[in-house]
Amino acid sequence: MNFFIVKQLPVLPPELYTAEDIKFISDRVLELVYTAWDMQPFAKDMGYNGEPFIWNPNRRALLRAELDAYYAKLYGLTRDELRYILDPADVYGADFPSETFRVLKNNEIKQFGEYRTQRLVLEAWDRMFK
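Residues in the sequence shown are numbered from 4 upward in steps of one, following my numbering.
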């Protein structure tokens with residue numbers, strides 16, 4: 004990959020991250036990744052010497068939602084822009100001709116009776132940034 008391509012990718016530069024950002028992100032990534040002993044070297048590299056985290060689907064959904072909301076803020080999005088990304092029809096009405104996460108939304112409505120990811124991400128945003 005040429006450097007001019009890398010410069011065009013929507014990647015936040017390392018110098019943008021504060022120590023607080025790194026702590027917030029790395030704590031959640033560690034818990035999402037270190038769920039088995041074979042990941043212990045990774046956990047140790049992260050400075051964690053405890054046992055693997057228990058695989059809890061509800062906790063994992065919450066951690067992912069917190070990361071989604073946090074990164075939306077790092078990228079400079081507003082809550083309404085995040086709402087639009089999660090579900091344009093939620094912003095512009097059911098007849099809006101665009102969708103972003105149709106399969107995820109449909110699967111979650113079948114499984115949970117709601118678009119859970121959208122709710123969790125927006126709740127995380129509200130907890131962290133209101």
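Idealized CB from N, CA, C, for every residue including glycine.
When secondary structure is reduced to three states using DSSP, Y73 falls in the helix class. Shown here, D30 sits in a helix according to DSSP, grouped into three states. Around the CB of V94, fewer than 16 other CB atoms lie within 10 Å, so the residue is classed as exposed. L85 has its alpha-carbon roughly 13 Å from the corresponding atom of E102.
Of the residues assessed, E69 falls on the buried side of the cut-off, its CB having 16 or more other CB atoms within 10 angstroms. Taken through DSSP and simplified to helix, strand or coil, L107 comes out as helix. In this structure, DSSP gives E18 a helical state, which the three-state scheme calls helix.
Between F56 and E34, the beta carbon gap of about 5 Å places them in contact (Cβ cut-off 8 Å). Excluding residues up to 5 positions away in sequence, A68, E69 and A72 lie with their Cβ nearer than 6 Å to the Cβ of A127 in the same chain.
Looking only at I25, K26 and N52, the smallest Cα-Cα distance to Y37 is reached by N52. Here L66 is buried. Its C-beta has 16 or more other C-beta atoms within 10 Å.
The criterion of a C-beta distance shorter than 9 Å is satisfied by L89 and F104.
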